[in-house]
Amino acid sequence: MTLAKERTLASKVRADFPILQQEVHGKPLVYLDNAATSQKPKAVLDALLNYYQQDNANVHRGVHTLSSRATDAYEGARDKVAAFINAAHREEIVYTRNATEAINLVAYSWAMSTLQRGDEIILTVMEHHGNLLPWQFVAQKTGALLKFVELTETQEFDLEHYQSLMSDKTKLVSVVHASNTLGCINPVEEIVAIAHRYGAKVLIDACQSVPHTAIDVQAIDCDWLVASGHKMCAPTGIGFLYGKRDLLRAMPPFLGGGEMIADVFLDHSTYADLPHRFEAGTPAIGEAIALGAAVDYLTAIGMDKIHAYEQELTAYLFQQLNQIPEVQIYGPQPNAQVNNRVALASFTTGTVHPHDLSTILDQAGIAIRAGHHCTQPLHRHIGAQSTARASVYFYNTQEEIDAFIVALKEAIEFFGSIFG
Ligand SMILES: *Cc1c(COP(=O)(O)O)cnc(C)c1O
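Residue numbers (the working numbering): 448 to 867.
In structure tokens, the structure reads:
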């Protein structure tokens, strides 16, 4: 299989990413660590710089020109995010620092005040630590019980096991949409429909799906959904919580302070309406505006195009990795018929430790990740101490995958010749 070079999406967009035009250790940079964070196009960097050079002022409080410009841009970005995931109302988008903070917001605000001893929270064994630790806190504080959906033989979400865990004790289901380690895409619409039959709420961790595929929160019908800006071409320090309006309205505040109030007295206060009730203190204004620019950038390319191109790249990546006998890939093989995985491959090679592999590949200018990728329980579950992970985004090329495969084969041969 070959992707005709002049027609690939990457060839059209690569020039938009200044950071990709560099050499590392004398070799062209091949950045394959996109599941940890994505690179940022010039349009996003410009939005951040322009805000600080032209419009910098605090939002909501001022009537002067700069403040109203900053407020308009900050709130305008919220409209863009809302449209991007097809939220029904703009006030259903709450800015947070990242997905982790968004999950903690739901844990501290909703779960701590709602759950009781004996209630059950359903997670999966593949959750990122960001969607595990907050629920451990909730369980310790409220006496609620955590239960974990296991994997099928192909290392995907086990729908049957999930159904067997559900009961009228189930109050919350919090699951990852696309696993950052296994790459599998979970059947979130079915998961939500089943949970709602039991009256349980559902939170979707969409960190690895929002950057790569069109998301429609109304179609999924989830109660909350979280994502981080930095994995979708935006800066660090900005992410968002989507929540259904009535549910968010009924939730108590998480952090208290300025921006989130209506009237303040010395002994009590009333709170602002959505979404500001959950945005205490001066927010990451420039970063939020840059998130809006990232959404514009992705939308202009088209999420369907991004998704289709990444599916091709994933098929190619797997085809190449599958030809190396030492390589064991975790998670399901890609299946073009069913949209079953995102564009990453976590693997081990038997002889070469993932950390050594990552160090050797770095010498060839190739950036891949090694470790447990914030999914330590999952690694225990699949019997791997750590894995190496190559993760691609729409600006990666087939040639970069070729360079990665060549360097990977050399590393395996080298270590095989020493220890073999
Ligand atoms: C990256 C990631 C998170 C955490 O994102 P932060 O930006 O670190 O808050 C959570 N879940 C998944 C699946 C991720 O990939």
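We treat Cβ as the ideally placed atom computed from N, Cα and C, and that holds for glycine.
This structure is a prediction, so every number in the text was calculated from the model and none was measured.
For E846, the uninterrupted alpha helix (DSSP H) run begins and ends at Q845 to F866, by DSSP.
With fewer than 16 other Cβ atoms inside 10 Å of its own Cβ, I865 counts as exposed. In the structure shown, the three-state DSSP call for Q501 is helix. The closest heavy atom of ligand 1 lies 7 Å or more from the beta carbon of C669.
Residues E773 of the same chain have their beta carbon placed closer than 6 Å to that of G797, with the five preceding and five following residues left out of the count. Set against 7 Å, the gap from the CB of S675 to the closest heavy atom of ligand 1 is smaller. With fewer than 16 other CB atoms across the displayed protein chains lying within 10 angstroms of its CB, Q501 is exposed. Taken atom to atom, the span from the alpha-carbon of G818 to that of T806 is near 12 Å. For E567, DSSP records a beta bridge to L592 and T617.
In this structure, ligand 1 has no non-hydrogen atom nearer than 7 Å to the beta-carbon of H659. By the Cβ criterion, the stretch 839 to 849 is in contact with the stretch 480 to 496, since at least three pairs of Cβ atoms, one from each stretch, lie closer than 8 Å. 8 Å or more divides the Cβ of E757 from the Cβ of H624. In the displayed model, A731 falls within coil according to three-state DSSP, outside both helix and strand. Straight-line measurement puts the Cα of A790 at about 26 Å from the Cα of I569. With a threshold of 7 Å, the Cβ atom of H507 does not count as near ligand 1, since no heavy atom of the ligand is closer than that. Cβ contact annotation for A835 (same chain, cutoff 8 Å, sequence separation greater than five): S793, F794, T795, T796, P801, L804, S805, I815, R816 and A817, in chain order. In this structure, V742 sits away from F464, with a CB-CB distance that is not shorter than 8 Å. Around R724, the same chain offers P700, M707 and Y718 as residues with beta carbons nearer than 6 Å, after the five sequence neighbours per side are excluded. Of the heavy atoms belonging to ligand 1, at least one sits nearer than 7 Å to the Cβ of G577.
By the 16-neighbour rule on beta-carbons within 10 angstroms, G686 is buried.
In the three-state reduction of the DSSP assignment, R788 falls in the strand class.
As for any alpha helix (DSSP H) of minimum length 4 sitting wholly inside the stretch 728 to 777, the runs are 732 to 748 and 750 to 769, ordered along the chain.
The Cβ atoms of G684 and G704 do not sit closer than 8 Å to each other. In this structure, N497 has its CB at a distance of at least 7 Å from all heavy atoms of ligand 1. Taking C-beta atoms as the reference points, L629 and Y763 fail to come closer than 8 Å. When secondary structure is reduced to three states using DSSP, K678 falls in the helix class.
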